[in-house]
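Residue numbers (my numbering), protein chains in the order written: chain C, 16 to 265; chain Z, 33 to 240.
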């Protein structure tokens, strides 16, 4: 075994066990509650407003590398695409990474199929921009004068460009990321945001299946254990005892 | 067809992820070599995806030209540039003199100009953010002022300002950011696990 990863492996094993136990408990009891996320309500409001105004809504994942944030974004995109299909509102998706294009097409197509509106889907509205994502995104927002602007994923400075471009048209804006360096900007500029883990919890709230509930409860429980460990560890180190610290670093 | 579209990607994802994760925990040289090789394949796969993306771009802009949309001229410029870069790149590779010239003297200045516009966007974003509309905006404004007071002439007139700014940065900001990082990281693990073991297949056009 590699050095310094024993506790990490233990945490991973505990995480997986907690995941399955939580999913099974939900399967038996059906009990799950999460606070209402303002971001989901704002998404619906934005799409409703876009429908009234006859304008499209815009979606982007940002320019960050492909990671699990995209997976959370897919669930929220499916929700937004479903609402757009239901209300016959255009959804324009700007994409920077080529490998995300086929996945996005599948997610959007699935949402339209579920609403029985597959013939309304416009494949050319899923747009791959590559390295020119940012200017192309600003251009799209400006030309189409979007009524709603959503950006969920691994966000960098492009979130500011998107926020300011869409603010000129008073678009309702919802963004979400785990990238802490962008959170202040999106918090300041958007109508609602998903902070880190909220993106994943929102997915479970949309469709509370055992798997999604398990993947929300497991991080919650492990986080609680971490908080206790941090408090105990801080007290122990303050008193000059580094046993816990040494144990965790193994 | 269903197997190729939905089941095979799950199997490939599971096997690939298992090898990459296992070599992180266990010291098995053969697995490390295999993991490094898989990561190299990732670049090749992305190149295939790039071809799909280019196909999408051509389809979008060709459609605009065909129906004589108001932006057809820009679409034509995009397609001509795409074809030109592609032709030069294929003829000389990306290390060729002409390709480097095109990249260094056309693409890079245009990209830098685009990036530089962030300054103006940040300025207008700051103006909108610092208008005190509610208690959250007030906290943001006060924190921003405290951070700004630590630099230049402000610090000379108010020597305590850098210490206050350092406290804001090191204590409340770090605490909040670490909470987000820990919560976000664990959720990322949960989400990734769902995909790796094939419990989540939304991105493949299927459900759970």
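The C-beta atom is built at its ideal place from N, Cα and C for all residues, glycine as well.
Excluding the five sequence neighbours on either side, which residues of its own chain have a C-beta within less than 7 Å of the C-beta of residue i, listed in chain order?
i: residue 180 of chain C; result: 153, 156, 157
i: residue 160 of chain Z; result: none
i: residue 54 of chain C; result: 189, 191, 207, 208, 209, 217
i: residue 34 of chain C; result: 229, 230, 233
If we cut at 8 Å on Cβ distances, does residue i have a partner in chain Z?
i: residue 24 of chain C; result: yes
i: residue 73 of chain C; result: no
i: residue 20 of chain C; result: yes
i: residue 17 of chain C; result: yes
i: residue 114 of chain C; result: yes
i: residue 59 of chain C; result: no
i: residue 200 of chain C; result: yes
i: residue 238 of chain C; result: yes
i: residue 56 of chain C; result: no
i: residue 40 of chain C; result: no
i: residue 30 of chain C; result: yes
i: residue 178 of chain C; result: yes
For residue i, count neighbouring C-beta atoms within 10 Å of its own C-beta (all shown protein chains included) and say buried if the count is 16 or more, exposed if not.
i: residue 66 of chain C; result: buried
i: residue 104 of chain C; result: buried
i: residue 246 of chain C; result: exposed
i: residue 59 of chain Z; result: exposed
i: residue 234 of chain C; result: buried
i: residue 124 of chain Z; result: exposed
i: residue 232 of chain Z; result: buried
i: residue 236 of chain Z; result: buried
i: residue 74 of chain C; result: buried
i: residue 96 of chain Z; result: buried
i: residue 84 of chain C; result: buried
i: residue 76 of chain C; result: buried
i: residue 165 of chain C; result: buried
i: residue 69 of chain C; result: exposed
i: residue 215 of chain C; result: buried
Considering residue i, what are the terminal residues of the beta strand (DSSP E) in which it resides?
i: residue 16 of chain C; result: Note, residue 16 of chain C: premise wrong, no beta strand (DSSP E); not H, not E.
i: residue 104 of chain Z; result: Unbroken run through residue 104 of chain Z is the alpha helix (DSSP H), 104-124; no beta strand (DSSP E).
i: residue 106 of chain C; result: 106-110
i: residue 165 of chain C; result: 163-167
i: residue 192 of chain C; result: 187-192
i: residue 93 of chain Z; result: Not the beta strand (DSSP E): residue 93 of chain Z falls in the alpha helix (DSSP H), residues 61-98.
Short of 6 Å in beta carbon distance, which residues of its chain neighbour residue i, apart from the five on each side in sequence? Order them along the chain.
i: residue 116 of chain C; result: 110, 143
i: residue 96 of chain C; result: 106, 123, 126
i: residue 120 of chain Z; result: 130, 131
i: residue 46 of chain C; result: none
i: residue 175 of chain C; result: 200
Does chain C have any CB closer than 8 Å to the CB of residue i?
i: residue 160 of chain Z; result: yes
i: residue 212 of chain Z; result: yes
i: residue 46 of chain Z; result: no
i: residue 58 of chain Z; result: yes
i: residue 164 of chain Z; result: no
i: residue 167 of chain Z; result: no
i: residue 153 of chain Z; result: yes
i: residue 75 of chain Z; result: no
i: residue 70 of chain Z; result: no
i: residue 219 of chain Z; result: yes
Name, please, each residue of chain Z whose Cβ falls closer than 7 Å to the Cβ of residue i.
i: residue 149 of chain C; result: 146
i: residue 135 of chain C; result: Under the 7 Å cutoff, chain Z gives no residues; its nearest Cβ is about 17 Å from residue 135 of chain C.
i: residue 145 of chain C; result: 85
i: residue 34 of chain C; result: 222, 225
i: residue 175 of chain C; result: 150, 153, 154, 157
i: residue 233 of chain C; result: 222
Starting from the beta carbon of residue i, find every residue of chain Z whose beta carbon is closer than 9 Å, and list them in chain order.
i: residue 142 of chain C; result: 88, 89, 92
i: residue 182 of chain C; result: 156, 157, 160
Specify, as a first and last residue, the run of the alpha helix (DSSP H) that residue i falls within.
i: residue 219 of chain Z; result: 206-228
i: residue 199 of chain Z; result: 193-200
i: residue 208 of chain C; result: Taken as a continuous stretch (DSSP letters only), residue 208 of chain C belongs to no alpha helix (DSSP H), being part of the beta strand (DSSP E) at 207-210.
i: residue 157 of chain C; result: 148-159
i: residue 133 of chain Z; result: 129-134
i: residue 232 of chain C; result: 225-253
For a contact meaning CB atoms closer than 7 Å, what does residue i contact in chain C?
i: residue 122 of chain Z; result: Within 7 Å Cβ-Cβ: nothing; residue 122 of chain Z doesn't reach chain C, min ~17 Å.
i: residue 65 of chain Z; result: Per Cβ cutoff of 7 Å: no residues; residue 65 of chain Z is ~15 Å from chain C at best.
i: residue 209 of chain Z; result: 195
i: residue 223 of chain Z; result: 83, 86, 87, 215, 230
i: residue 206 of chain Z; result: The premise fails here: residue 206 of chain Z is roughly 10 Å from chain C at the closest Cβ pair, so nothing lies under 7 Å.
i: residue 128 of chain Z; result: Per Cβ cutoff of 7 Å: no residues; residue 128 of chain Z is ~19 Å from chain C at best.
i: residue 95 of chain Z; result: 139
i: residue 216 of chain Z; result: 193, 211, 212
Should residue i be flagged as near chain A, meaning a C-beta pair shorter than 8 Å?
i: residue 80 of chain C; result: Reference to chain A is not applicable here, since the protein chains of this structure are C and Z.
Is residue i near the ligand MN, judged by its Cβ being under 7 Å from some heavy atom?
i: residue 146 of chain Z; result: The ligand MN is not part of the structure shown, which contains no ligands of any sort.
Suppose the cutoff is 8 Å on Cβ atoms and the five residues either side in sequence are ignored; what does the same chain contact list for residue i look like?
i: residue 60 of chain C; result: 187
i: residue 120 of chain C; result: 138, 141
i: residue 212 of chain Z; result: none
i: residue 52 of chain Z; result: 67, 70, 71
So with CB distances below 9 Å, who are the chain C contacts of residue i?
i: residue 230 of chain Z; result: By Cβ distance, chain C contributes nothing, its closest Cβ being about 10 Å from residue 230 of chain Z, past 9 Å.
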